[in-house]
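Visitor: Attaching a single structure in structure tokens format; questions to follow.
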Amino acid sequence: MKALALFAWVTVAACGGPPKRQSVILTGAPSEYPGVLPDPRTLPQDFMVRQTLTIRTKSDGKPVEAELDAVLQKQGDTLLIVGFGPMNAKAFTLTHRGDRVEFAQFMGRELPFSPRNVVLDVHRVYFKRLPTPSEPRYTGVRRGELDGESLEETWQDGQLRGTVFTRPGSKLVGAIRVERGPGCDPTHCEPESATLINEWFGYTLSIVSEDYERL
Numbered sequence: 005m006k007a008l009a010l011f012a013w014v015t016v017a018a019c020g021g022p023p024k025r026q027s028v029i030l031t032g033a034p035s036e037y038p039g040v041l042p043d044p045r046t047l048p049q050d051f052m053v054r055q056t057l058t059i060r061t062k063s064d065g066k067p068v069e070a071e072l073d074a075v076l077q078k079q080g081d082t083l084l085i086v087g088f089g090p091m092n093a094k095a096f097t098l099t100h101r102g103d104r105v106e107f108a109q110f111m112g113r114e115l116p117f118s119p120r121n122v123v124l125d126v127h128r129v130y131f132k133r134l135p136t137p138s139e140p141r142y143t144g145v146r147r148g149e150l151d152g153e154s155l156e157e158t159w160q161d162g163q164l165r166g167t168v169f170t171r172p173g174s175k176l177v178g179a180i181r182v183e184r185g186p187g188c189d190p191t192h193c194e195p196e197s198a199t200l201i202n203e204w205f206g207y208t209l210s211i212v213s214e215d216y217e218r219l
């Protein structure tokens, strides 16, 4: 399974247009892709941003690359992701509220994995972090534990530029590495760009953001 094959899947399948599908996943349900999803109401910032996402992986040993436009919004108790297919047609929505992830699909074939995986990667890029350094313009490496995972954070001039997630004692090989451009400070995480490298499931997700708006 490729945890974010969604992006390749939407780009290829968006022209098919089968009937809409819906599903609801509990955030605490067993998952091949482990990780804690905290209630969005506990997250520290409200914002909306438009993004271009590029997913790179392999299928049958061959490189696969696909691109998708999306809007990400966190407001109050809700985290919302809207994905767009060709001609800016709405392809899907993902809504994380409380202990539920609701997925609504408007075009394309059935999703081959849990939509929860996509939401978890959003949390890793924007929200999962250790307590803020006390030094205002801290530069250095910090290590700690969060939600059953070991985190190694790289800070530069008071901005969080990199995070490495590992799960000690698990069968998952390697790490999840998040590299961020400028813009992720102690109060707001607004990186101009970000790259998530998932060594556990063999894909790389690149994010370019624009029109970031605080709500």
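Residues 5 to 219 (the working numbering) are what the sequence shown spells out, left to right.
Think of the CB as a built atom: it goes at the ideal place given N, C-alpha and C, for glycine as much as any other residue.
All of these numbers come straight from a predicted model, not from anything done at the bench.
1. Only counting the same chain, and skipping five residues up and downstream in sequence, which positions put a Cβ closer than 6 Å to that of Arg147?
2. Taking C-beta to C-beta, are Thr208 and Arg60 nearer than 7 Å?
3. Just how far apart, CA to CA, sit Tyr142 and Ser197?
4. What are the boundary residues of the alpha helix (DSSP H) that includes Leu134?
5. Near Leu214, what residues of its chain come up, given a Cβ to Cβ distance below 7 Å and the 5 sequence neighbours on each side ignored?
6. On a Cα-Cα basis, can you pick out the residue from Gly65, Asp125, Glu71, Thr136 that is closest to Phe169?
7. Provide the residue(s) that pair with His127 in DSSP beta bridges, ordered along the chain.
8. Give me the DSSP bridge partner(s) of Thr58.
9. Note the first and the last residue of the continuous beta strand (DSSP E) segment covering Val182.
10. Could you tell me which of Leu57, Arg120, Arg181, Phe205 sits nearest to Ala33, measuring between CA atoms?
11. In whole angstroms, give me the CA-to-CA distance for Asp50 and Leu83.
Guide: Looking at the atomic coordinates:
1. Counting from 1 along the sequence shown, the entry for residue 147 is found at position 143. Take Arg147, set aside five residues on each side of it, and the residues of its chain with a beta-carbon closer than 6 Å to its own are Glu156, in chain order.
2. By 1-based counting over the sequence shown, the position of residue 208 is 204. By 1-based counting over the sequence shown, the position of residue 60 is 56. Against a cut-off of 7 Å, the Cβ pair of Arg60 and Thr208 comes out as a contact.
3. As a first step, residue 142 is located in the sequence shown; it is residue number 138 there, counting from the start. As a first step, residue 197 is located in the sequence shown; it is residue number 193 there, counting from the start. Distance between the alpha carbons of Tyr142 and Ser197: 21 Å.
4. Here residue 134 corresponds to residue number 130 of the sequence shown, with the count starting at 1. Taken as a continuous stretch (DSSP letters only), Leu134 belongs to no alpha helix (DSSP H), as it is neither H nor E.
5. For the purposes of this step, residue 214 is taken as the residue at position 210 of the sequence shown. The question names Leu, but residue 214 is Glu in the sequence shown. Arg54.
6. Indexing the sequence shown from 1 puts residue 169 at position 165. Taking only the C-alpha atoms, the option nearest Phe169 is Asp125.
7. In the sequence shown, residue 127 corresponds to position 123, counting from 1. None, per the DSSP bridge assignment.
8. Position 54 of the sequence shown, counted from the start, is the residue given in the question as residue 58. Its beta-bridge partners are Glu71, Ser210.
9. Residue mapping note: residue 182 aligns to position 178 of the sequence shown, counting from 1. Counting along the chain, the beta strand (DSSP E) containing Val182 begins and ends at 180-184.
10. Locating residue 33 in the sequence shown gives position 29, where the first residue counts as 1. Taking Ala33 as reference, the option from Leu57, Arg120, Arg181, Phe205 with the minimal CA-CA separation is Arg120.
11. By 1-based counting over the sequence shown, the position of residue 50 is 46. By 1-based counting over the sequence shown, the position of residue 83 is 79. Rounded to the nearest whole angstrom, the C-alpha separation of Asp50 and Leu83 is 9 Å.
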